[in-house]
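Below is one structure; the comments refer to it alone.
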Amino acid sequence: MADTEALPVGRVHTRRPRLNRVVGEILSWVFLVVSAVIMLAPLLWMVVGGFKEQWEIMAATPAVWLPNNWRYDNYLYVIERSPLVVGYLNSSIIVPIVTVIQVCTSVVAGYAFAKLRFPGRDLLFVGVLSTLMLPGFLIQIPLFVLVVQLGWLNTYQAMIVPFIFSAFGIFLMRQFMLGVPTEYIDSARIDGSSEIGIIWRIVFPLTKEASAALAIFVFIFHWNELFWPLLVLRQRPMFTLPLSLFALQGDYGDYYHHVLAGATLAVIPVVIVYLVLQEHIIKGVTLTGLKG
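Position one of the sequence shown corresponds to residue 93 (this note's numbering), numbered consecutively onward.
Structure below.
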């Protein structure tokens, strides 16, 4: 009988798991690349479309992405002759103010719900969470009536005051606060620190990751918000950026290269803020999800 050479036992057992791991990694990369292309293709088309001429955008062969002549003057035209600059200015005033105030109030309220004991705390927190179940349009109707009665139409107050508090922000910060060691807070109280001092010296430094994540959520939401400004802002000098872009579509609706150039300019601040804070966003969301 001929001798047969036996394969090493370890090689037999490790070959299949290694093959499965390689196949899994390849499929994961294929999925990620396809997903990235699907999500980035419209954005890339918008950016490139801002450099095209009108006939190139309306051509019957949209697969031709690159323009024949790069029209940089489309962006100059939008900046000089459209309401986009005014929208940029107003949004640059309103959105940072709303972001800072909402993050501060969310941290304070989250600290109160997580670390302070007072009658009706849990019931009040359930009431705050219940507002998340209501459609946004349902809440904005009474808010609009109140703004009209206060005479706040076409004012910064109408764009800032209704968004001082956020149920989502309070929930997010409260979940993170549950993981803050109570010993730090008790030690500060023994040293005679007030609750405001505890929040400023201990809570804020320990919650900077979650605060950064909340800040970017608030910034992106209000930077892109259209419905509420459409209700309370009627004069063009008060238009925010989304409303100015909406007006740009009305003024230059047949000139899609100008509209695409304006849309490209509108997303630049959001992209910059995300790139600067993306590390904090990932850490904040991850840590918040791990808290009780």
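A virtual CB, placed ideally from N, CA and C, is assigned to each residue, including glycine.
Short of 6 Å in beta carbon distance, which residues of its chain neighbour residue 202, apart from the five on each side in sequence? Order them along the chain.
Result list for residue 202: 262, 265, 266 and 269, in chain order.
Closer than 6 Å by C-beta to residue 339: which residues in its own chain qualify, once you throw out the five before and the five after it? Chain order, please.
Answer for residue 339: 175, listed in chain order.
Please return the same chain residues whose Cβ sits closer than 6 Å to the Cβ of residue 93, not counting the five positions on each side in sequence.
The pLDDT assigned to residue 93 is 47, lower than 50, so where the model puts this residue is not dependable; a value taken from the coordinates is nonetheless given after this. There are no such residues.
In whole angstroms, what separates the C-alpha of residue 317 from that of residue 178?
Looking at the two C-alpha atoms, the distance is approximately 16 Å.
Apply the 10 Å Cβ neighbour rule to residue 321 and answer buried if 16 or more other Cβ atoms are within range, or exposed otherwise.
Buried is the call here.
Taking Cβ to Cβ, would you say residue 166 is nearer than 8 Å to residue 142?
In this structure, residue 142 lies closer than 8 Å to residue 166 by Cβ.
DSSP three-state call for residue 285: helix, strand or coil?
Three-state result, residue 285: coil.
From this set, 188, 210, 369 and 360, which residue's C-alpha is nearest residue 136's C-alpha?
Closest by alpha carbon: 360.
Note down, in chain order, each residue of its chain lying with its Cβ closer than 6 Å to the Cβ of residue 348, except the 5 sequence neighbours on either side.
Only 149 meet the Cβ criterion.
For residue 60 and residue 213, I'd like the C-alpha separation in whole angstroms.
Because residue 60 is not part of the residues shown, which for the chain are 93 to 384, the question remains open.
Could you pull out every unbroken alpha helix (DSSP H) segment of at least 4 residues lying fully inside the stretch 245–316, listed in chain order?
Counting whole runs of 4 or more residues, the stretch 245–316 contains the alpha helix (DSSP H) stretches 248–252, 259–269, 274–282, 287–290 and 300–316.
Is the separation between the beta-carbon of residue 314 and that of residue 255 shorter than 8 Å?
A contact, by the Cβ cut-off of 8 Å.
Over the uninterrupted alpha helix (DSSP H) stretch that includes residue 148, give me the two end residues.
That run of the alpha helix (DSSP H) goes 146–149.
In the structure shown, what three-state DSSP assignment does residue 159 receive?
Reduced to three states, the DSSP call for residue 159 is coil.
Can you tell me the Cβ-Cβ gap for residue 55 and residue 199, rounded? I've got them flagged as a contact below 8 Å.
With the chain covering 93 to 384 only, the question about residue 55 has no answer from this structure.
Within the chosen definition, does the stretch 329–339 reach the stretch 178–191 through at least 3 CB pairs nearer than 8 Å?
Because the criterion of three Cβ pairs below 8 Å is met, the stretch 329–339 and the stretch 178–191 touch.
Give me the Cβ distance between residue 259 and residue 224, rounded to the nearest whole Å; I'm assuming they're in contact under 8 Å.
With a Cβ gap of about 5 Å, residue 259 and residue 224 count as contacting.
Taking the alpha-carbon positions, what's the residue 211 to residue 235 distance?
For residue 211 and residue 235, the distance between alpha carbons rounds to 29 Å.
Measure the alpha-carbon distance for residue 241 versus residue 286 and round it to whole angstroms.
Looking at the two C-alpha atoms, the distance is approximately 39 Å.
Return yes when the Cβ of residue 239 is within less than 8 Å of the Cβ of residue 245, no when it is not.
Yes; because the gap between Cβ atoms is below 8 Å, this pair is in contact.
Using DSSP with H/G/I as helix, E/B as strand and the rest coil, what is residue 382?
Residue placement at residue 382 is poorly supported in this model, since its pLDDT is 46, which falls under 50; the coordinates still yield a value, given next. In this structure, residue 382 counts as helix in the three-state DSSP scheme.
Going by other Cβ atoms of all chains shown within 10 Å of its Cβ, with 16 needed for buried, is residue 104 buried or exposed?
Note that residue 104 scores a pLDDT of 49, beneath 50, so its modelled location is shaky; the value from the coordinates is reported in the next line. Classification of residue 104: exposed, given that the 10 Å Cβ count is below 16.
Terminal residues of the continuous alpha helix (DSSP H) containing residue 241?
228–242 is the span of the alpha helix (DSSP H), which, as asked, contains residue 241.
By a C-beta neighbour count over all protein chains shown, 10 Å radius and 16 as the cutoff for buried, is residue 205 buried or exposed?
Burial call: buried.
Pull up the distance between the alpha-carbon of residue 139 and that of residue 231, whole angstroms please.
One C-alpha to the other measures close to 35 Å.
So the alpha helix (DSSP H) residue 143 belongs to, where does it begin and stop?
It is not in any alpha helix (DSSP H) - residue 143 carries neither H nor E in the DSSP assignment.
Excluding the 5 residues preceding and the 5 following residue 355 in the sequence, name in chain order all residues of the same chain whose CB lies nearer than 6 Å to its CB.
Counting only Cβ-Cβ distances below 6 Å, and skipping sequence neighbours, we find 138.
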